[in-house]
Each structure stands twice: as C-alpha cells, then as structure tokens.
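Residue numbers (this note's numbering), protein chains in the order written: chain A, 5 to 349; chain B, 5 to 349; chain C, 5 to 349; chain D, 5 to 349.
Below is one structure; the comments refer to it alone.
There are 4 protein chains.
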Amino acid sequence: MIHFESDYLEGCCPQILEALRQTNLEQTLGYGEDPHCEKAADMIRYVFDCPEAEVHFLVGGTQTNATVIASQLRPHQGVLCAESGHINIHETGAVESSGHKVLALPATDGKISAAQVRQALEAHHSDFSREHMVQPGMVYISFPTELGTIYSRQELEELHTVCQEWEIPLFVDGARLGYGLEASGCNILPKDLPRLSDIFYVGGTKQGALFGEAVVFPRPALAEDFRYLIKQHGGMLAKGRLLGIQYEVLMNEGLYFQLARRADRLADRVREAFRSKGFSFLVENTTNQVFPILPHAAIESLSAGFGFECWQHVDEERDAVRFCTSWATEERAIAELEAYIRHNF
Amino acid sequence: MIHFESDYLEGCCPQILEALRQTNLEQTLGYGEDPHCEKAADMIRYVFDCPEAEVHFLVGGTQTNATVIASQLRPHQGVLCAESGHINIHETGAVESSGHKVLALPATDGKISAAQVRQALEAHHSDFSREHMVQPGMVYISFPTELGTIYSRQELEELHTVCQEWEIPLFVDGARLGYGLEASGCNILPKDLPRLSDIFYVGGTKQGALFGEAVVFPRPALAEDFRYLIKQHGGMLAKGRLLGIQYEVLMNEGLYFQLARRADRLADRVREAFRSKGFSFLVENTTNQVFPILPHAAIESLSAGFGFECWQHVDEERDAVRFCTSWATEERAIAELEAYIRHNF
Amino acid sequence: MIHFESDYLEGCCPQILEALRQTNLEQTLGYGEDPHCEKAADMIRYVFDCPEAEVHFLVGGTQTNATVIASQLRPHQGVLCAESGHINIHETGAVESSGHKVLALPATDGKISAAQVRQALEAHHSDFSREHMVQPGMVYISFPTELGTIYSRQELEELHTVCQEWEIPLFVDGARLGYGLEASGCNILPKDLPRLSDIFYVGGTKQGALFGEAVVFPRPALAEDFRYLIKQHGGMLAKGRLLGIQYEVLMNEGLYFQLARRADRLADRVREAFRSKGFSFLVENTTNQVFPILPHAAIESLSAGFGFECWQHVDEERDAVRFCTSWATEERAIAELEAYIRHNF
Amino acid sequence: MIHFESDYLEGCCPQILEALRQTNLEQTLGYGEDPHCEKAADMIRYVFDCPEAEVHFLVGGTQTNATVIASQLRPHQGVLCAESGHINIHETGAVESSGHKVLALPATDGKISAAQVRQALEAHHSDFSREHMVQPGMVYISFPTELGTIYSRQELEELHTVCQEWEIPLFVDGARLGYGLEASGCNILPKDLPRLSDIFYVGGTKQGALFGEAVVFPRPALAEDFRYLIKQHGGMLAKGRLLGIQYEVLMNEGLYFQLARRADRLADRVREAFRSKGFSFLVENTTNQVFPILPHAAIESLSAGFGFECWQHVDEERDAVRFCTSWATEERAIAELEAYIRHNF
C-alpha cells in the first residue's frame, strides 16, 4: 500500500532528525528563549526579508490560529474567512472557544475576494443595527487554501488594501506555505508576504518538521505581549529549542523551499496522470494536493494499492478524492501511481 | 558552568531519540490514532494497573491542565487548588481563559488537605448566597507539588474521599509524577493512582521525553468526548505518533521510573551536601527539586560555577534557591557541586 | 407620525404599571426569591400545563438565549439554528462569547426542518473527522421566527423527535411567543410546548411588559444550577420581584394571550390592506409582523406619515419593509394606515 | 417585622414611578437611543462635571462589572481588586467567565492601597517569568466598599496616580456611589470622580431606582465600541428609555444625593444606638450599611422584631451583623430600632 492520504504521515526530514541528535544534550533555557530560536527567527527574517519582524514558534496549526486571532480581536469582533476555511470547519470551534465568531463568506475554489471582504465591512459599518452584530475585526485566509489553490499576488494585494483601508489585520494561515510559494504559476515571493499581509506563518508540520509553525509579525506592534497569549493557549513548548532547531534546518540553504518544490512537482505528475485519462478535478490547482473526480469503480480499484482520502461527494457516480504529496513522498511511489493510472483507466 | 536551573534543559533520553529515528519513515494516521499511541496507552494501563482506563496524549502541561479542567466543569464551577498551584500562578490564566475561576486555598508546603477541601465545599453549599459564588466543581493537586513535596497515601485517600462524598473529580497534575513516585518516603505506588484519583497524568516533558503528557482517566465516563476538547484546545498533535513513540520507550521495562529514581537520588546528594553544612531548606522534600536557603554570599559564590534558580526571598540576608536534577543530570555534575559545597562553606 | 417600527416602542400595559404602583413599598427578598416570582411561576406552570416545570425570570432575550445555551452545552458543542436565527445574527456573538459556535442551517421563511437537523446530526456523527468539528449539542428555534412565521404542530413534533433521538435539547426562543400562539392558523396550544420542546420562554418585553422573559424547563433536570448561570451572565435582577409582578399580571385571566391576539388581528388588517392593493410579501405569515414588498415610491410616500423598518433589499425597484403591531397599537392607527393605503396605491 | 436586610427591598422612589406612568405611552427607539437616555446622560455629565464623558446605562451591577472589565482587558490580563471585592466573591465568576482572572489583594476594611497596587504591578513586570502569569491590566475598587467604608480623596488620588504611571484604567464600582459621596467624613465630590478614576458608575438599583447603573467614561477613548459589548453581555435593554427616565428623575435637583444623604444619616443613628450601648463594629464606617458585632443573645432578641443579615462569624460568642438603610427606610423604623436597643441592651 502506497500512502497519499496526507502530508503528515511520516516523521521529519532526516536533516532535522540529525540536528536533534546533535543538539540533544545542549542545555538551554526553556520556552523559546534559547539561541536556536533566536537564530531561526533571524533566518526567517532574512528569508522573508522582514528585518523588523517578530517571530514566534508554536507547535501546531489550530493552536496558532486560535492564539493569533485571540491576540488581535476585541471581544465583540469576529474574523472574516472563507466558508471552507480551516478555522471555520476543522478546529472544533477553537476560535469560538476564545469568544469570537467566525464570519464565514462563500468561497470560490477555497478563496475569498477583496470585493467580498469590502462588501462585508461596508455592510456592517453602514448598518443601523451594527452594534447588535459581530464586528469584522480581522481577515483570515489560507495560503494555499484548504483546496490547494493559491491567491495571485494581485488578489493578495487587493485583500491587503481593503484591510488597510478598514484598519484590520490580514492574517495568512501558512500551514502549507512552502507548497504555495513553490507552486507553478505562483507569482508571490517570500519577501512579498510581509508586505502583503500583517501576520503570516511558515508551516512546519506539513513541510518536513516533526511539528511547528513559525508566526511572523512583520510590524511588531501587532505582536505586543504575544508570548503571554502563547502561554495562555498552551502553545509555549517547555523545550522551545526543539522548534528553533527545526527551523534552523528548514531555513538553511533553502531546504524548506526545495522540499516543497519537489512535492509540488510530484503532485503535478499525479495531476497529469489523471488528466491524461480525461478525469476532471474538483479545483484546478498546482500545489501538493490533487483532487481528481473519480467514478466509484475507479476509486475502488485504486484503493487496493493506494491510500488517499475521499474528499467530497460530487454526484451519483463520482466522488472527489485527495492525493497528497509531501517532502517524504518517494519518486518511486509516484511512478507506481502513474503506471497504475496509465494501465487501468 | 554546570546547570541545575530546571528539569527541561536538555532534549530527551537517548532511547527516545533512537526510537524516533527508527520510526521516522513509518506512515501512520495522524492525531493520535496510530499503533504507537495505542500501544503506549496499553503500556500505561498495564503499569498503572487500570485496564479500563482511557489514555490521551497531549503536548504540554498548561495545555493538559486547561483541557482536562474545561472537560469536567460546567460554566459556573471552579477548581479548588493550592494557592501555589501551577494553574493558579504560572499558566497565564489558562483556566480562567476557558471561563473558570481557580479557587485557591492556602497551602502548607505546597499541599492542601482534605479538611480544607471539605470545609470549602461545606461552606459553599451551606451558604444562603451560594448562587452568587463560583461552585467548587473539581479538586486539582500536583504530585509532586510545585515545591517538590509529596502527598502521603493517606493524604491522597482522604482527599479522594472528600471528592467522592461531594461527587467532584480529583485531578492530579503529574508533570513530575515519576519523581514523586520514586521519592524516598513515598508510599504511593503507580497502581494506587487510578484508585485514589479520578484523572491524573504521567508527565513526559520533565522526565526524559522531548515533550508529552499522558492523561489517564481510570473510569472512562469522565473522558467522554475528550478528544474534541483536545482538538479545541490546540493540543491534538498532527503527528500524534510522536507522543506514542516516546511513551512506548518510557514505559518499556520501567525506564520512566528508573530515570526518575536516579534523579531523585542525585537530588538527595545535593540536599545532603547543603544539610551537612548546616543550611536549612524552604521545605523538606525528597524529589528532584532542592530548595536550600542560602546567604547572599553563598549564592554569589555558587553562581560562578553553577546555574540554579533564585526561588524566593526569605529574609534580609538569605534567599531560597532551587537546584533541579533530571534524567539528564550527570553524576559528575553532582560530584562537582558536592565538592564545591564541601570546600567553600 | 404613527409608529410601527417595532413591538417595543412603548412602556407596558397599564395593568402592569398599576401592579408596580401597588406593590412598590412591599419589602421582599431579592434575586427572584420572592412571593411574586413564586406565584408567577405557578401561574405559568398552570397556563402551560407543566406542573413539574422549573420557571426562571430573566430581563432580556439576548441574555436569556446566551444563558440557556451555556447551561446546556459542553465546550466542544454548538447549537444548530436557522441562518436567520436571532442568536446567529443579532446578538453580537453572545453565544460565541460564551465559547460556542452557532451552527447555522439554511432557513426557509425563517424556519428549519427536522430533516435538516437530522441530516446535520447524522453527517457530524458519521464523519471520520468529527472530533475536528463542533458537535451539535442543541437545537434553537424561534417561535414565531424572526420573519414572523410559525412552526406547525407537526413540524415542532418532528423537530422534537429528532432531538430526542439524538438526546439533545430543543430550545424555543419565545420572545414573541404569544403572537405565535394566537396567530390564525396556529395549531399549537400553550400546553403543547412543554411536551414538544425541552426549554422555552414566554417573552414579556415585546408583549406588554416593561421587560422580562420567563424561561420554562418542563423537565427540571435540565435546569440544574440554572440560577448560578443567570447570576454569572448578569441576568439576576436584584429586585427580582419586578419580573414576578409583571408575569402575575400577564398570566392573570389570559391577559398575555388577549394582548397578543389583538395585535395579531390588527396585523392581519395591515396585511389585508397591502394585499388588496396587489402587493406581495417577503413571507406569508399571520403574526404581529408584516413584511410587504413595496416599490421605492410607495415606501417614500408612506414614510411621510408612518414609521416602519426597511427590512431587506428585494430588487432594483423594491424593498421589503416591516410593520409591527403590539399590545399598544391603537385601533385608530391601523385605520389610518388602511385608509392611506386604500387611497394612495 | 421591620426590615433592614438590604437596600433593595422595595421598588423605587415615588418620583420614578410617576415618571414611568407619565411616559408610558411615548414611542421611542429602543436600546438606549432615545431622548430620555440622552437627557439623563447630559444631566450626569453636568452633575459630575465631565462634559466630554460617554455615559451608558445598564441594568445591574454584575453585568456592568463584567462588561466594563471585558471592554478594557486583553485576554492575558486580569483585574486587581480587594479580596473582598464584589467581582471576586459575589458574581459567580462573571469576570472569569469572560476569560479574565481576578487578581485579589488582601484588603483592609474592604480597601486596597496604592502601595499594594504598585507593588503588584512592579512585582509582575520585573518577574523573569511574567509571561507565565496573568498581567494586571486594570484596577477595580468599590466606592463605598462592600464593607461600607470609603476611600479618602488622597487614597483615591494615589490609586489613580499608580494606574496612570502604569497606564492601566482605574474602575470604580459605584453601586452605592451616592451613599459614599454623602457619607459624613467623605472628602470626595461628584466632580472629583472623573478626574480621579477612568471609569465609574452611578448606581441606581440600590439608590432609589427600580434598577439601573450609569457607567461614565470621562475620557471617551476608553468607551470605544462599548455598546457592542453591552449587547454581547446581554445588558442592552430593549426599552432602554426605562433607564433614561429613571436617571432623569434621580439627577433632577439632586434627588439622588438627597436620598443617599437621608439614608446615611439614618444609618448614623443606628450606629450611634449600638455604640452608646458599648457594642463594637466590624468596621468603622459612615455609609448606609452598619456592621455591629453582637452577642448571640442580642441577635436572637433583635430577630424577633427586626430583619437584618448575619454577616460574619467573629468569635465563639459573637457575630457581626448588617443593618442597611436606604432611600426607602422610614424614620419611624429607625426610631423603633433605637428604642429597642435603648431598652433591651
């Protein structure tokens, strides 16, 4: 059985394991105040070209989203996001648990537009009864989205412009950031993110690390007292250097991006294999997740040798499924999948 | 410089590192539903003799405390604990953040008594205005306490009896559980915990793991839907098997207890070294934390070669300091400290 | 200017004012533990035929909704309701503020169906990832709805049946309960509510009282410690007897229902006046809110002499507006409105 | 039986009842946006000499405290207050319910000092582990305190100075504000409050109104979006004008202060009656609450004809009790109590 169910099936890239081994007996202060975290933060500031940024390391994505959002909103404010946004669907109400409504907007291929956000903000603030409604206080997007699609630079710029007009922060969930930045057709560079968003994170868990998400506040004013919030949300790792060590490795000589690029290219091959047999896709995308729409028979047939996720019901005869590649996907696994598709459909 | 500041200065015991290496490319389901977590849970059920127990793995202590407490209380309920309890002092209000008041009781050497708890419960429930006050809905103790002291079996039994009378759960924070169970003079056995408490956890972070806390619900009814709460609190690790793998190692052939015992014995030597020179202690205890009361000159002198924490102001001339041993403390380090004390005080 | 903007434009029905005057210097215990509250609760139990019920009095609707919902849900649970539900739209996130997600379902004329609720519950509980999602723990409906429509007895029965199957409570927001029960075509009787729902309230604010909502728990087990929650949510009125006194008056000799019936009949006249001129309505309904769809010119013309609310944009030329009647609406006001419509459209 | 149990035993002063009667059929917008609320706010601005202030009306004290505190704090912040503070003891954890820890300081006669507050702030901010602790973000005091004592102008100035140094707001719970300002020995004037605090409220419930608390933000920046928070906390009364109408009456020609002064003078007579017989008091104070310490026999004897509260156990033979006067206390009632004391002790 060859597994494509998700991009967190394995441990971590071998370089990280080696770094953990080498540093294991070092004695450092806890809670992220160690030289590894400092150096990793510096590397992130360098790679994303935001020398003034505050960088904080957390363990996982749900924790990061809830902590960042709680750090920015007042109690009567909510966060605008796509209906399909991770915070709206798959975090067991962590945002609501800290008191804030998720203000979901209809999504197109997992994305929301500047026009939608502007409309929501204008509608709220011009409503006579606005004080009876949750005030939009922040915008959350995922890059890439939960459907593996990416925003163009122009789309991101427009979203950020609206946010600036209304003086609310734009927060980019980058759990799969690298896969997005390395996707073919992506015209956003790492150095664009600090300019086009107010808070973003560089996901580790799904991109070669054992765990870890690096939150970047390009303009430190928004990060005031953020460490208190990390601690309150249970995200302050005692042995914080484990996060620093991992990001030192990932940021070293572009490893983070190399791993992502390789996974994206392998996903392209999967896409191409399905496309060449005439299958369509739930969305057109170029990152490490592939969502072919397959007839039930094809799904059953593939299931014998390959692991993947059933993603969404499409019609009587077909479902959309998801194949994920990752830093750990072997070239051989892709070749087998290609061969199977070629010969069986 | 030899470091005794805390018991989380280093990475993890080498056996864990090796297990992570060996399992690194295994492909498993995420979120704790993998064979390693299953096996580790079985081992914990066996070691603590609670075959019916539900076992859940979380990343860190603050997260674990907040999640467990939120899972048990209704909104108008609070948690009784020692004034010096970790949840009351050092978790940035994580418990309040999920809506619950910490009902602090005066502590003696870090401990609270069954009589105090009974008095608090009786006072509340007999008060005409009780509905205007937070209802005690749970008791939280640490074993060992934040001052490294331990409850006797009788004390624990009495606490549990009160809790049973009032039908509220007794929750034992076991961030340093092993150090407590292996302390000289401890008359509580692993198998007593499921009988004498309702929820407890087996701390990993401070006892040889990179991170991790294993929560045990001896009677599964209290664990209903607990995984939802873990997820909501941001404690559900995507690569959950990292926790399972670590606990498999720690529970194997008693490693967890061996590491703790060794650290306790090394701490005993530190205690003895100070005691033999006539120093007194903030508390009398037998676990891996040592709290000698030292004159300022002695503190300064020791600081040149040894790292330790200033813990508490005592009087004009003296402070209490803390030396911690851990699974990682080298025998050589203890010998040097002993020698220094012997020759300089 | 004759006002139809809402059903809370005036003070209270004169009988209540008189009762407040007569009881003003009585000395009673505070916080709802006085003879007036006791007697009013008895009267409600009698009128709604639920002799075992617990009855609690709160000040306003948002407070009541948030308090009831918080009293029933565990932290990972949310409340199913219509997209147009008051808790979803017009309470500034009070439900989220106490930690719970509102799980909005598409509404038809303000209503949700048993089939929708069943589908949502089945979908949740059969989802492999359910622990990553908010668990539906309650159903909230408004009777009448925010659009003035009412559930039929069969619809309510079906909703309750689903809730019972899944063992979650059905909560009926009765801010305008009387207007619903007295609506023409309503086949639900007061005595049906305790049988067909688990919690409901008898709204006072919009039905003749200065303020006040009487929450009824037909089966007291669901009301455990509810007074603690009222207090915590700031809803426990010091001079609680003010609520008791008002409900004594409203429940006396059916006054509550008479006032509602009269308002409904006046609304019927407004509806008929518009209908006879060929206007259509946003919804077909029979309670005290009327939602004609009017061209802009008609809206402007009416605005000169009548106050009403612009409710919803319909198309380029027309908006839906809302006219409300209430216990306080004068027959003369309706006659003038009828005349105006008759002569001008 | 003559009742002195509390200052909210009766309805309201007759002038308010009359105003409610006269305005009953006026039609006004809801939610506090009516001419009565506007005028009442103006009167409060005038009486307290704070022409720039924002004034908001809420229904009750617990609601007001929770709403104000939630409006000022970030999630990791808590509120400093006296251990005996109402928010710490008697509000069923409403503050914690919105996520914030109450940071209780030992009180002297119900009061805390500037020195205590400064010490707490300095201790927090100089602590190496401060991010693991709740950050003090606000100071709450009651004036008068829960023990009926009052701060001197100098004490209040000192508290405010500390708060300004640390840039955190000083919030004065004025549920019994009038009784404090009119107390003999009080050297604080109404116009001092806007200068010496950042937020305060003018309590109505216990001082002649049916209900109501008027929150004053002398410097409006702190009130940003406060109405959203009122709504979220369930404190926005639909018929908001009821609050405006009551405060119009109370602020008219000094009625609020006259009622308070009269009650304070009656309380002085109660105090004097007990003092002349040699009884001591739990605290020395001059407001409308009197706390004599009485032997059990005296308590029993008094109980036959007078209602009062048992407040606190003092020793084997004696308890402290509480007698309250209010705007409604009749001179005759005081005379009877005086006579009883004179003849029986």
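Here a beta-carbon is modelled for each residue, glycine too, at the ideal position from N, C-alpha and C.
Query raised in the report: When you check each C-beta in the segment 137 to 156 of chain C against every C-beta of chain B, which residues fall closer than 7 Å?
Result: Those residues of the segment 137 to 156 of chain C that come within reach of chain B (Cβ to Cβ, closer than 7 Å) are 139.
Query raised in the report: Between the segment 221 to 251 of chain C and chain B, which residues of the former have CB atoms less than 7 Å from a CB of the latter, in chain order?
Result: Across the segment 221 to 251 of chain C, CB contacts with chain B closer than 7 Å involve 229, 231, 232, 233, 235, 236, in sequence order along the chain.
Query raised in the report: Smallest Cα separation from residue 235/D: which of 228/C, 273/C, 101/C, 232/C?
Result: Looking at the Cα atoms, 101/C is the closest of the given residues.
Query raised in the report: Taking the C-alpha atoms as reference points, what is the distance between residue 12/C and residue 291/D?
Result: Here the alpha carbon of residue 12/C sits roughly 39 Å from the alpha carbon of residue 291/D.
Query raised in the report: Which first and last residues belong to the beta strand (DSSP E) in which residue 145/A is found?
Result: For residue 145/A, the enclosing beta strand (DSSP E) has its first and last residue at 139 to 146.
Requested in this report: Compare the C-beta of residue 97/B against all C-beta atoms of chain D and say whether one is closer than 9 Å.
Outcome: At least one chain D Cβ lies under 9 Å of residue 97/B.
Query raised in the report: residue 338/A to residue 188/A, Cα distance in whole Å?
Result: CA-to-CA, the gap between residue 338/A and residue 188/A works out to about 18 Å.
Query - 6 Å Cβ shell around residue 329/A - same chain, five flanking residues per side excluded - result: Annotation for residue 329/A: 267, 270, 271, 292 place their beta carbon closer than 6 Å to its own, counting only its chain and skipping 5 residues before and after.
Query raised in the report: If contact means a Cβ-Cβ distance below 8 Å, which residues of the segment 10 to 29 of chain A contact chain G?
Result: The structure shown has no chain G; the protein chains it does contain are A, B, C and D.
Query raised in the report: If you follow the beta strand (DSSP E) that residue 87/A is part of, which residue opens it and which one closes it?
Result: Unbroken run through residue 87/A: none, as it is neither H nor E.
**Report entry** the segment 78 to 89 of chain C: positions lying closer than 8 Å to chain B by Cβ
**Finding:** Taking 8 Å as the Cβ-Cβ cut-off, the segment 78 to 89 of chain C approaches chain B at 78, 79, 80, given in chain order.
Query raised in the report: From this set, 327/B, 308/B, 211/B, 111/B, which residue's C-alpha is nearest residue 84/B's C-alpha?
Result: The shortest CA-to-CA distance from residue 84/B to any of 327/B, 308/B, 211/B, 111/B is the one to 111/B.
Requested in this report: Let me know the secondary structure DSSP gives residue 120/B once reduced to three states.
Outcome: Residue 120/B: helix per DSSP, three-state reduction.
Requested in this report: Kindly list, in the order they appear in chain B, the residues whose Cβ is closer than 8 Å to that of residue 321/D.
Outcome: Correct list: empty, because the minimum Cβ distance to chain B is about 21 Å.
Query raised in the report: So residue 268/B is in the beta strand (DSSP E); what residue range does that whole segment cover?
Result: Unbroken run through residue 268/B is the alpha helix (DSSP H), 259 to 280; no beta strand (DSSP E).
Report task. Sort 229/B, 21/B, 45/B, 223/B by Cα distance to residue 28/A and report the nearest one. Result -> Ranking 229/B, 21/B, 45/B, 223/B by Cα distance to residue 28/A puts 21/B first.
Query - residue 299/B - DSSP class collapsed to helix/strand/coil - result: DSSP places residue 299/B in strand when its eight states are reduced to three.
Requested in this report: Check whether the Cβ atoms of residue 333/C and residue 243/D lie closer than 9 Å to each other.
Outcome: In terms of Cβ geometry, residue 333/C and residue 243/D do not form a close pair [threshold 9 Å].
Query raised in the report: Which chain D residues sit within Cβ distance under 7 Å of residue 103/A?
Result: Under the 7 Å cutoff, chain D gives 103.
Report task. Mind reading off the beta-carbon distance from residue 80/B to residue 229/C? Whole number of angstroms is fine, and I expect it under 8 Å. Result -> The pair is a contact, with the Cβ atoms about 6 Å apart (cut-off 8 Å).
Query raised in the report: Are the CB atoms of residue 60/B and residue 245/B nearer to each other than 9 Å?
Result: With a cutoff of 9 Å on beta-carbon distance, residue 60/B and residue 245/B are scored as not near each other.
Report task. Have a look at 223/C, 348/C, 219/C and flag the residue whose alpha-carbon is nearest the alpha-carbon of residue 67/C. Result -> Comparing Cα-Cα distances from residue 67/C to each of 223/C, 348/C, 219/C, the minimum goes to 219/C.
Report task. Throw me the rounded Cβ distance for the residue 44/B and residue 255/B pair, which I believe falls under 8 Å. Result -> Correct: roughly 6 Å between the Cβ atoms.
**Report entry** Straight-line gap, residue 175/A to residue 109/B (C-alpha atoms, nearest Å)
**Finding:** For residue 175/A and residue 109/B, the gap between their C-alpha atoms comes out near 42 Å.
Query raised in the report: Interface residues of chain D around residue 74/A at Cβ under 7 Å?
Result: Those are 79, listed as they occur along chain D.
Report task. Would you mind working out which of 302/A, 14/A, 205/A sits nearest residue 144/A, comparing C-alpha positions? Result -> Taking only the C-alpha atoms, the option nearest residue 144/A is 205/A.
Requested in this report: Work out the CA separation of residue 286/A and residue 159/A for me, nearest whole Å.
Outcome: Answer to the nearest angstrom: the Cα atoms are 21 Å apart.
Requested in this report: Could you tell me if residue 132/D is buried or exposed, where buried requires 16 or more neighbouring beta carbons within 10 angstroms of its beta carbon?
Outcome: Exposed: under 16 other Cβ atoms inside 10 Å.
**Report entry** residue 257/C to residue 135/A span [Cα, whole Å]
**Finding:** Pairing residue 257/C with residue 135/A, the inter-Cα distance amounts to about 38 Å.
Query raised in the report: Of the choices 302/D, 32/D, 129/D, 7/D, whose alpha-carbon is the least far from that of residue 345/D?
Result: Nearest option by C-alpha distance: 302/D.
Report task. Measure the alpha-carbon distance for residue 314/C versus residue 155/C and round it to whole angstroms. Result -> When rounded, the distance between both Cα atoms is 25 Å.
Query raised in the report: Would DSSP call residue 235/D helix, strand or coil?
Result: Three-state result, residue 235/D: helix.
Query raised in the report: Do the CB positions of residue 226/C and residue 75/C come within less than 9 Å of each other?
Result: For residue 226/C and residue 75/C, yes; Cβs fall inside 9 Å.
Report task. Verify whether the separation of the beta carbon atoms of residue 177/C and residue 91/C is less than 9 Å. Result -> Here residue 177/C is near residue 91/C, since their CB atoms are less than 9 Å apart.
Query - Secondary structure of residue 344/B, DSSP reduced to three states - result: Helix, per DSSP.
**Report entry** Nonlocal neighbours in the same chain, by C-beta distance under 8 Å from residue 107/B, ignoring five residues either side
**Finding:** Hits under 8 Å: 82, 83, 84, 85, 124, 138, 140.
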